[in-house]
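**Q**
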Amino acid sequence: MDKIYIRGGNPLHGRVDIGGSKNDSLAIMAAALLIPGKTVLQNVPRNLDVHTLIDIFRHLGVQSSFLQNGGLEIDATKVTNSTAPHDLVRQMRASFNILGALLARCGYASVAMPGGCDFGARPVNFHIKGLEQLGCKLNLEHGVYTGEVKRFEGAIIFLEFPSAGTTQHLMIAACCGKGRTVIENCAMEPEVLNLALFLNACGAVIEGAGSPTITIDGVEELHPTEFAILPDRLQASTYALAAAITGGDVIIANAIPSHCGPVMAKLQETGAEVIPMEEGLRIRRTGKIQPTDLKTMPHPGFPTDIQQPFASLLSIADGVSMITETVYESRFQYTAELRKLGAVIRVEGRNAKITGVKKLSGAPVTCTDLRGGAAMVIAGLAAEGETEIDGLEHLDRGYEDLVSKLRGLGAQVSRGSERAAVGGLRVCSA
Ligand code: EPU
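With our numbering, you'll find the sequence shown wraps up at 430, consecutive numbering, no jumps.
1) Which same chain residues end up closer than 6 Å to E388 when comparing Cβ atoms and leaving out the 5 residues on each side of it in sequence?
2) For the ligand EPU, is there a heavy atom less than 7 Å away from the beta-carbon of R90?
3) Name the one or two DSSP bridge partners that K3 has.
4) Between K22 and the ligand EPU, is there a pair consisting of the residue's CB and a ligand heavy atom that are separated by less than 7 Å?
5) Does the count of Cβ pairs from the stretch 235–250 and the stretch 5–20 closer than 8 Å reach three?
6) Looking at the strands, I want to know which residues DSSP matches up with D293.
7) I need the boundaries of the alpha helix (DSSP H) containing P276, first residue and last residue.
8) Can you give the Cα-Cα distance for G373 and Q307, rounded to whole angstroms?
9) Assign N97 to one of three DSSP states: helix, strand, or coil.
10) For the ligand EPU, is there a heavy atom less than 7 Å away from the beta-carbon of E241?
11) Please determine whether the Cβ atom of F126 lies at a distance below 7 Å from any heavy atom of the ligand GDP.
12) For N47, collect the residues of the same chain with a Cβ closer than 8 Å to its Cβ; drop the 5 residues on either side in sequence, then sort them by chain order.
13) Taking the continuous alpha helix (DSSP H) assigned at A32, which residues delimit it?
14) For I214, count neighbouring C-beta atoms within 10 Å of its own C-beta (all shown protein chains included) and say buried if the count is 16 or more, exposed if not.
15) In angstroms, rounded to a whole number, what distance separates the CA positions of V62 and V79?
16) Closer than 6 Å by C-beta to Q133: which residues in its own chain qualify, once you throw out the five before and the five after it? Chain order, please.
17) Comparing C-alpha positions only, which one of K288, G70, T39, G280 sits nearest to S237?
18) What are the boundary residues of the alpha helix (DSSP H) that Y239 is part of?
19) Could you check the C-alpha separation between M188 and Q168 for me, to the nearest Å?
20) In whole angstroms, what separates the C-alpha of T355 from that of L294?
21) Could you tell me which uninterrupted beta strand (DSSP E) segments, each at least 3 residues in length, are contained entirely in the stretch 29–91, listed from first to last along the chain?
22) Closer than 7 Å by C-beta to A317: which residues in its own chain qualify, once you throw out the five before and the five after it? Chain order, please.
23) Measure how close the beta-carbons of G70 and Q42 come, nearest whole angstrom, since I'm counting them as under 8 Å.
24) With DSSP collapsed to three states, give me the class of T437.
25) On the premise that D49 lies in contact with L26, defined as a C-beta separation below 8 Å, what is that separation, rounded to the nearest angstrom?
26) Using only the alpha-carbon positions, how far apart do R350 and G165 sit?
27) Just to confirm my understanding: we take Q268, look at its own chain, exclude 5 residues before and 5 after, and list those with CB closer than 6 Å. What are they?
28) Could you round the C-beta distance between M376 and E337 to whole angstroms and report it? I think they count as a contact, below 8 Å.
29) If you reduce the DSSP assignment to three classes, tell me which class G280 lands in.
30) Leaving aside the five residues before and after N200 along the sequence, list all residues of the same chain whose C-beta is less than 8 Å from its C-beta, in chain order.
31) What separation, rounded to the nearest whole angstrom, lies between the Cα atoms of E141 and R90?
32) Using 7 Å as the cut-off, classify the Cβ of L72 as near or not near the heavy atoms of the ligand EPU, replying yes or no.
33) What does the Cβ neighbour count give for L195, buried or exposed, with the cut at 16 atoms within 10 Å?
34) Measuring only the C-alpha atoms, how far is I128 from G287?
35) Which class does P303 belong to by DSSP, given the choice of helix, strand or coil?
36) When the Cα of E226 is compared with those of G208, P276, G37, which residue comes out closest?
Following this line, the structure appears as structure tokens:
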């Protein structure tokens, strides 16, 4: 198995281009199952999750291929099978959104309970309750949901929590339903709005996406279109942290400043300069890293997916910081790995108290999950000596070309499976 090897200490400089958003791609790809014809999506990242969904689609009789112009073409002219391969669905949470799309398209579907990173229970009860309110009968047997519906029917749905996945799933299910659906207490993530823009470009009638109330007037059928995936705000924030922790100066090209607002506000509190530019964001740090407190919240609050690499930055701040996780019941597994690099972190329930140390020092660590992996990389960039990171199957789910992008900024980083003869850094395969 490959590992990433980082010799920390180099301030990062230059410009990095942010690719398309994983989470936006996965939601819009699921929606493409509704559409008889060839949908083309620009800016889809070629990461592990996208490839897993392409594999799932193949089992459904839906062929997808990357075109010469870089677009991903999804040919859902026909969906010949609406039983999703359980082993693939169990690999990631976002695959569950195909349940609503398959039911709407085929009238019958069978999809396993989804997998994904382990942050505690991660139930799908909001999804199921919402689909049932739209008029579908669902059965759970041996971990697999099977459902039938002639056509979804409009309903008024109140979400207990502004769940991103549920909001997206119900929009997908309801847009070809009969009558009007109103969803209250919706997630307001940029990816929710972009999904609505995509569906509307295909003929759906959705209003209010990006606000707490979304109204969907069902249409008979959607038509294919060509559409662009958003730049990945989570990657943009991760590279911003790489610049800040190393005392660097980096332009994060394509980043949409308003999508990264809560992270940038906290970065400024730590003493980094955040300069919005026409082409994205510029992040620069020269002074000490100041401690700060942060609390994860649904968008537009501080994203739960960035508290991990932010913890790496705070672990060498000049004082004590507190991170409070309110979105997931258990998302601090990575802190045990950060401690191996010398971080001083005490976790109590949903709080992590981080006492800044003068420096981190390299050690072998593991990615406990996707964003926990990002925390290891960010910490490794600042740690003295060599950090060796394994468990890359997590990191590969969401950060394509990570090693080459960091190298482009001057980081000493490589990926491979063997030790180089001398000099510390290993043989590189990426
Ligand atoms: N929840 C329930 N029941 C449900 C659905 C959600 O209790 O039926 C709970 C979850 O357990 C969690 C909270 O509601 O405590 C929020 O979950 P949400 O549904 O918003 O998360 P998600 O849609 O499953 C997406 C992203 C995650 C990101 C969250 C929160 C994708 C594919 N995943 O997950 O991204 O953390 O929203 O913003 O879009 C990542 O990229 O690393 C990642 C995990």
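From the three backbone atoms N, C-alpha and C, an ideal C-beta is built for every residue, glycine too.
**A** Here's the rundown:
1) Translated into the one-based positions of the sequence shown, residue 388 becomes position 388. K3, Y5, P364, listed in sequence order.
2) As a position in the sequence shown, residue 90 is number 90, starting the count at 1. Outside the cutoff, so no.
3) Along the sequence shown, one-based indexing puts residue 3 at 3. Answer by DSSP bridge pairing, in chain order: G416.
4) The residue given as residue 22 occupies position 22 in the sequence shown. Result yes, Cβ under 7 Å from the ligand EPU.
5) yes
6) Numbered from its first residue, the sequence shown carries residue 293 at position 293. Answer is M322, bridged to D293.
7) Residue 276 sits at position 276 when you count from the first residue of the sequence shown. Element bounds for P276: not the alpha helix (DSSP H) but the beta strand (DSSP E), 273–277.
8) As a position in the sequence shown, residue 373 is number 373, starting the count at 1. As a position in the sequence shown, residue 307 is number 307, starting the count at 1. Those two C-alpha atoms are separated by around 12 Å.
9) As a working mapping, residue 97 is identified with position 97 in the sequence shown. In this structure, N97 counts as helix in the three-state DSSP scheme.
10) The count along the sequence shown starts at 1 and reaches residue 241 at position 241. The residue asked about is misnamed: residue 241 is Leu in this sequence, not Glu. No, the beta carbon of L241 sits no closer than 7 Å to any heavy atom of the ligand EPU.
11) With respect to the ligand GDP, the structure shown offers nothing to examine, as its ligands consist of the ligand EPU.
12) Along the sequence shown, one-based indexing puts residue 47 at 47. Closer than 8 Å at Cβ, skipping near neighbours: K22, D396, R397, G398, Y399, E400.
13) Working through the sequence shown from its first residue, we reach residue 32 at position 32. First-last of the alpha helix (DSSP H) with A32: 22–32.
14) Indexing the sequence shown from 1 puts residue 214 at position 214. Its Cβ being crowded by 16 or more others within 10 Å, I214 is buried.
15) As a working mapping, residue 62 is identified with position 62 in the sequence shown. As a working mapping, residue 79 is identified with position 79 in the sequence shown. Answer to the nearest angstrom: the Cα atoms are 6 Å apart.
16) Position 133 of the sequence shown, counted from the start, is the residue given in the question as residue 133. A155, I157.
17) Start at 1 with the first residue of the sequence shown, and residue 237 comes out as number 237. Of the listed residues, the one whose Cα sits closest to S237 is G280.
18) If you number the sequence shown from 1, residue 239 lands on position 239. 233–245 is the span of the alpha helix (DSSP H), which, as asked, contains Y239.
19) Here residue 188 refers to the residue found at position 188 when the sequence shown is read from its first residue. Here residue 168 refers to the residue found at position 168 when the sequence shown is read from its first residue. Cα to Cα, the separation comes out at about 10 Å.
20) Translated into the one-based positions of the sequence shown, residue 355 becomes position 355. Translated into the one-based positions of the sequence shown, residue 294 becomes position 294. Rounded to whole angstroms, T355 to L294 spans 14 Å at the Cα level.
21) 38–42, 63–66, 72–75
22) Reading the sequence shown from its first residue, position 317 is the one you call residue 317. T270, I289, Q290, P291, G356, listed in sequence order.
23) Translated into the one-based positions of the sequence shown, residue 70 becomes position 70. Translated into the one-based positions of the sequence shown, residue 42 becomes position 42. Sure, about 7 Å apart at Cβ, within 8 Å.
24) Lying before the first or after the last residue shown, residue 437 is absent from the chain, which here runs from 1 to 430.
25) Within the sequence shown, numbered from 1, the residue matching residue 26 stands at position 26. Within the sequence shown, numbered from 1, the residue matching residue 49 stands at position 49. Indeed, because the Cβ distance is near 6 Å, the residues count as touching under 8 Å.
26) Taking the sequence shown and counting its residues from 1, the one referred to as residue 350 is at position 350. Taking the sequence shown and counting its residues from 1, the one referred to as residue 165 is at position 165. Between R350 and G165, the C-alpha separation is close to 22 Å.
27) In the sequence shown, the residue the question calls residue 268 occupies position 268. Contacts found: V274.
28) Taking the sequence shown and counting its residues from 1, one reaches residue 376 at position 376. Taking the sequence shown and counting its residues from 1, one reaches residue 337 at position 337. That pair is a contact at about 6 Å.
29) Taking the sequence shown and counting its residues from 1, one reaches residue 280 at position 280. Residue state, collapsed to three classes: strand.
30) Position 200 of the sequence shown, counted from the first residue, corresponds to residue 200. Here the set comprises I206.
31) In the sequence shown, residue 141 corresponds to position 141, counting from 1. In the sequence shown, residue 90 corresponds to position 90, counting from 1. Cα to Cα, the separation comes out at about 15 Å.
32) The count along the sequence shown starts at 1 and reaches residue 72 at position 72. No, the ligand EPU has no heavy atom inside 7 Å of this Cβ.
33) Against the sequence shown, residue 195 aligns to sequence position 195. Label assigned to L195: buried.
34) Here residue 128 refers to the residue found at position 128 when the sequence shown is read from its first residue. Here residue 287 refers to the residue found at position 287 when the sequence shown is read from its first residue. Computed Cα separation, rounded: 50 Å.
35) Sequence index remark: in the sequence shown, residue 303 carries index 303 (1-based). DSSP places P303 in coil when its eight states are reduced to three.
36) Here residue 226 refers to the residue found at position 226 of the sequence shown. If we check each option's Cα against that of E226, G37 comes out closest.
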